[in-house]
DNA sequence: TCAGTGAATATGTATGCACATAAAAAGTCA
DNA sequence: TGACTTTTTATGTGCATACATATTCACTGA
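Residue numbers (my numbering), protein chains in the order written: chain A, 9 to 242; chain B, 9 to 242.
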């Protein structure tokens, strides 16, 4: 316990700056003092202030531009981080027995709506896989997945009976970039059937598109019955 | 163009490490070399490697513990960042005319389901506000909001006719912590009525809970008709 | 054998310095 | 005036070094 009273950690600087923003010492759109001046005021080096600033910038609270200086963001956004685990682990974390079932599987060229998601100009050979994840033998999530056979040729030889495509891909084909979309849809046709939902029932739809650099990996539309919830935190 | 060929930026180190993880040079669960060794191998300082590592850790690709070393995460998660703008700006960004309407407004103690969201043990005085956001005069989002009057006493004097509670709060009551939840629900009762949706229609439900330190600020349940979409990226 | 203690070690943080880079501001010249 | 160039400036990055801190691991003693 050396009690470094005069020594502020970068987190302290960050917290103090954040507090000043929250309490409107620095108002929306305001320009903050230069790093160097703040460093002098805080009694630390510019490096330390810089780290605090970088963190606040990544949190979406401020905006920094070279020479332009640092400004409190004028139009605040709610920024949160989303962690989506492998479905099997999610089910098991809830204390349920996990299982899954492949419902349909066929290789075919990517149809227009899949090409659009990947921003492709020409169709590519893909594997379409419809699978159901179950928790305690009750339908949990239905996924309608397209896997690029050019990027993932191995999947042609896998039947995904033991391991789900969800888990296999996350474990064997890490992506460099992912895009997620959330929406709601009414259950209909096969989707309602497999999920055991009434026709027209509200479903949460999650789309996930992943790339390895510029190559498509997979595009999934996941359908979860009412009650399913996705969480995110700041 | 000084071409600092022998000088690797921390982003280059990060990208190289990420590539090694993606190409399974370092497998899932593997222990990575020590920062110092990597620094020597890359011909840079430990500081630079450390920054690369920090970034990969925040991206959820690796896990670092003091003395324990750095490991490739064994159970990969899909991590993405969500940016939710002020609803008015979202509507206007889509090229629509924005308007909003307060539907209901009354002060009352927080009911059990609101207390549960804030993890409160005793009820607090709150303002309940039901409002509709419109895009080109068509229902866009219906929000059912609870505002803590202890934390935000000013709202008692506001009628939110000019500025929506959504925008007022984001601009005047920045939060320290936020929690988001997404789900689907069937439209019913007043919600269906105000959104102009058929009874039973699928809605996207977004819950947002914000705190200022340990004090509740607001809890909102937002209902969006089918077609509304939320996006996140890595 | 096993619990407790202490040394070794890998990551975390801070400092001081130097230079890179982008953008604004000032200066220049037709 | 107005287009162009140069200088200034605030942030971005890298290096060398020292110390902090949390675990692990080996050692110790009952």
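Here a beta-carbon is modelled for each residue, glycine too, at the ideal position from N, C-alpha and C.
Keep in mind it's a predicted model, so treat the numbers as computed, not measured.
| Asked | Found |
| --- | --- |
| Is it true that the region 174-181 of chain B meets the region 110-124 of chain B, where meeting means three or more beta-carbon pairs spaced less than 8 Å apart? | no |
| Can you grab the Cα-Cα spacing for the pair residue 29/A / residue 41/B, in whole Å? | 40 Å |
| With 8 Å set as the bound, which would you pick, yes or no: does the beta-carbon of residue 171/B sit closer than that to a beta-carbon of chain A? | no |
| Please determine if the region 74-84 of chain A and the region 92-101 of chain A are in contact, where contact requires at least 3 C-beta pairs separated by less than 8 Å. | no |
| Tell me the DSSP bridge mates of residue 112/A? | 138/A |
| Under the three-state reduction of DSSP, which class applies to residue 168/A: helix, strand or coil? | coil |
| At a Cβ cut of 9 Å, what residues of the region 75-98 of chain B count as close to chain A, listed as they run along the chain? | 83, 84, 85, 86, 87, 88, 89, 90, 91, 92, 93, 94, 97 |
| Which runs of the beta strand (DSSP E), 3 residues or longer, sit entirely within the region 74-108 of chain B? | 77-80, 86-92 |
| Measure the CB-CB distance between residue 219/B and residue 184/B and report whether it falls below 8 Å. | yes |
| Residue 153/A and residue 140/A look like a contact to me (Cβ under 8 Å); what is the Cβ gap, rounded to whole Å? | With 8 Å as the limit, residue 153/A and residue 140/A do not qualify as a contact, their Cβ atoms being about 12 Å apart. |
| Buried or exposed: which applies to residue 191/B, given that a residue is buried once 16 or more other Cβ atoms fall within 10 Å of its Cβ? | buried |
| Using only the alpha-carbon positions, how far apart do residue 240/B and residue 242/A sit? | 14 Å |
| From which residue to which residue does the alpha helix (DSSP H) around residue 118/B run? | No alpha helix (DSSP H) holds residue 118/B; DSSP gives it neither H nor E. |
| Less than 8 Å between the CB atoms is what I'm expecting for residue 110/B and residue 169/B, so what's the real figure, rounded? | 7 Å |
| Would you mind giving the Cβ-Cβ distance between residue 50/B and residue 122/B, rounded to the nearest angstrom? I have them listed as a contact below 8 Å. | Actually they do not touch by this definition, with Cβ atoms about 53 Å apart. |
| If we count the other Cβ atoms within 10 Å of its Cβ and call it buried at 16 or more, is residue 231/B buried or exposed? | buried |
| Could you tell me which residues DSSP pairs with residue 230/B in its beta bridges? | 151/B, 214/B |
| Taking Cβ to Cβ, would you say residue 132/B is nearer than 8 Å to residue 158/B? | yes |
| Using a Cβ-Cβ cut-off of 6 Å (strictly less than) and excluding sequence neighbours within five positions of residue 106/A, which residues of its own chain qualify? | 96, 99, 100 |
| Residues of the region 176-201 of chain A with a CB closer than 9 Å to any CB of chain B: list them in chain order, please. | 178, 179, 180, 181, 182, 183, 184, 185, 186, 187, 188, 189, 190, 191, 192, 193, 194, 195 |
| Tell me whether the beta-carbon of residue 224/B lies closer than 8 Å to the beta-carbon of residue 84/A. | no |
| How would you call residue 27/B, buried or exposed, if buried means at least 16 neighbouring beta carbons within 10 angstroms? | exposed |
| I'd like to know if residue 240/A contacts chain B, where contact means its C-beta is closer than 8 Å to some C-beta of that chain. | yes |
| Give me the Cα-Cα distance between residue 71/A and residue 189/B, rounded to the nearest whole angstrom. | 27 Å |
| With a CB to CB cut of under 7 Å and the five nearest residues on each side skipped, what residues in its chain are close to residue 21/B? | 50, 52, 56, 57, 60 |
| Taking residue 151/B as the reference, which of 238/B, 215/B, 46/B, 36/B has the closest Cα? | 215/B |
| Checking 8 Å against the spacing of the C-beta atoms, do residue 144/A and residue 104/A come in under that value? | yes |
| What does the alpha-carbon distance come out to for the pair residue 114/B and residue 135/B? | 6 Å |
| Is residue 217/B close to the ligand NAP? I mean its beta-carbon at under 7 Å from any heavy atom of the ligand. | Annotation note on the ligand NAP: not contained in the displayed structure, which lists no ligands. |
| For residue 145/B, which of helix, strand or coil comes out of DSSP? | coil |
| What's the gap between the Cα of residue 33/A and the Cα of residue 32/B? | 49 Å |
| Does the separation of the CB atoms of residue 234/B and residue 209/B fall below 8 Å? | yes |
| Considering only residues of the same chain and omitting the five flanking positions on each side of residue 236/B, which have a CB-CB separation below 6 Å? | 212 |
| Less than 8 Å between the beta carbons of residue 186/B and residue 155/B, yes or no? | no |
| Is it buried or exposed for residue 19/A, if we count other Cβ within 10 angstroms and need 16 for buried? | exposed |
| Measuring only the C-alpha atoms, how far is residue 37/A from residue 69/A? | 10 Å |
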